[in-house]
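Using the working numbering, read the sequence shown as starting at 583 and increasing by one per residue. Where is the CB? At the ideal position from N, CA and C, for every residue including glycine. Everything numeric in this text was worked out from a predicted model, so none of it was measured. Here is the structure we will look at, set down as structure tokens.
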Amino acid sequence: MESRSGLTRDELTRYFSGSQSGSARVGIEVECGVVDRQTGLSAAYHGELGTRRLLECISSELAGTPYVDEGHLMGVALPTGARFSLELGGALEYSSAAFSSLGALIPSAVRDIGHAARVADRIGLALLATGMLPVTPVDRIPWIPKARVEIMRNYFRELGIAGSLAESVMGLTLSIQTTLDYFSEEDLASKLSLLVLASPILAAAFVNSPFEAGAVTGVLSRRLHCWQRVDPARCGVLPFGVRSAAPGGDLVDWALQLPMIYRVHAGRTTTVPPVAFSQILLNGFDDGSRPDLFDWECHLSQVWPHVRVRKTLETRAFDALPWPMFSAAPAFWAGLAYDDRSLAEALELLSCVTVEHLRDLTSEVPIKGLGATCGGRSVLHLSAELLRLAHRGLLRRVEQNIEPSWVPDLLDPLLDVVTSGVTFAERSLREWGESVSSSPLSFVDAVTIGGARRR
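Here it is, written out as structure tokens:
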């Protein structure tokens, strides 16, 4: 296919050619809730207790470079290559630089996020490490002043029931995401298969969002539960990713049939007519301009499956964990995907898992956690086996002098979960119980990064 803009299918497919770095790097994105320490409600953008002021203070103390979006401060780039930015509902996202080892990545992230938490505490805010903001109701989400916020809210509203929980996802949920490199189509095929198969399974060990709006929700992961009503066409399981011989072409086919939600052009974010990207490729945009690779990349950022593929592989299925256990997520993926032996054994372990199993699991895990089943097999057992393989992969990375000796210990929080059979969500429910509804600030204190407490 060749469009009037000059973009060809081959060019779109070459976008998925992989990393040119020469080394297998790992990066993370950690989403932290930002709340008023006295009320537990999400911080507004403006004001002395606002997220704008938080960014200004972080920038000043960490020698950062502020960046704006349509006139509003939206993030800070750090000298280390990491950055802090605001999510649509005011959460603070930390995006690391890519590192060749977890031994370099984790201390850098702990230092940066810990510093941001201390800044927040000094100005009367708290950064939270959990899968869902526990106090803020959906009608009190303080949307940031960004054009795409209203565009996206309108898009999801028009989906009806299928998009009915999108605002909860956009404004209340918090996750830990890991990025991994791939180097060829063959490498992409094996890693994508592994990540697509393993993500919904190990998500059961990460469930950590049983509260919302100051009350118990009745599910272990309200975050994953909400994701089921965002947009089924662009979320959840990538069906071709389970076992694809040509993932680049499959990714192009999948993305071409989806509409864009918004476009960033000439410094402005605008709506796009609800037609498949393939039609935009052929006919151009309504203003007469033609799509380019920047538009393609923007379009790829508007899909949210468990595993998102761009220049890297991005895993998105896990709830954020208590501080500083976020490091268990990149440790798991690096140990499993960056060790050839562990990768092969994991694929063999999951060789009988089908797309239907994964879709069923996506609905079951938010409710049952480790009590879910996958094609008749225990998710608890499968999670334990995957963690065992990841641990062995990390040990081999230590033997190869890629990692320091303490890196395999990063998996200890997850190993404890599968050994006990008790998830983080269930621990929270046992500790706080129904009392959360009458004293939600107690839970806010418990999940505050760095142990800051209300004065």
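Pick helix, strand or coil for residue 613, following the three-state DSSP scheme.
strand
Buried or exposed, going by whether 16 or more other CB atoms sit within 10 Å of the CB of residue 966?
buried
How about residue 1029 and residue 761: do their beta carbons lie closer than 7 Å?
no
Determine the contact status of residue 791 and residue 805, defining contact as a CB-CB distance below 7 Å.
yes
Is the number of C-beta pairs between the region 930–938 and the region 952–959 that are closer than 8 Å three or more?
yes
On the DSSP bridge assignment, give the partners of residue 791 in chain order.
803
Along the chain, where does the beta strand (DSSP E) that runs through residue 761 open and close?
758–762
Does the beta carbon of residue 951 sit closer than 7 Å to a beta carbon anywhere in chain B?
Among the chains in the structure shown there is no chain B, since it carries only a single protein chain.
Presumed contact (8 Å Cβ cut-off) between residue 911 and residue 758, rounded CB distance:
5 Å
Just curious, the alpha helix (DSSP H) that residue 624 is in, first and last residue?
It is not in any alpha helix (DSSP H) - residue 624 carries neither H nor E in the DSSP assignment.
Just grab the DSSP bridge partners of residue 1022 for me.
Its beta-bridge partners do not exist; DSSP assigns none.
Residue 658 beta carbon less than 7 Å from that of residue 636:
no
With DSSP as the reference, label residue 721 as helix, strand or coil.
helix
Can you grab the Cα-Cα spacing for the pair residue 992 / residue 978, in whole Å?
15 Å
Whole runs of the alpha helix (DSSP H) within the region 868–922, excluding any shorter than 4 residues
875–882, 910–919
With DSSP collapsed to three states, give me the class of residue 1028.
helix
Closest by C-alpha distance to residue 607, when choosing among 1004, 1032, 919, 953:
919
Proximity to residue 664 [Cα-Cα], best of 691, 656, 604
691
First and last residue of the uninterrupted beta strand (DSSP E) at residue 677
674–677
For residue 973, is the classification buried or exposed, using 16 other Cβ atoms within 10 angstroms of its Cβ as the cut-off for buried?
buried
Determine whether the beta carbon atoms of residue 668 and residue 633 lie at a separation below 7 Å.
yes
Cβ contact check for the region 981–988 and the region 890–903: 3 or more pairs under 8 Å
no
Segment limits, beta strand (DSSP E) that includes residue 648:
647–651
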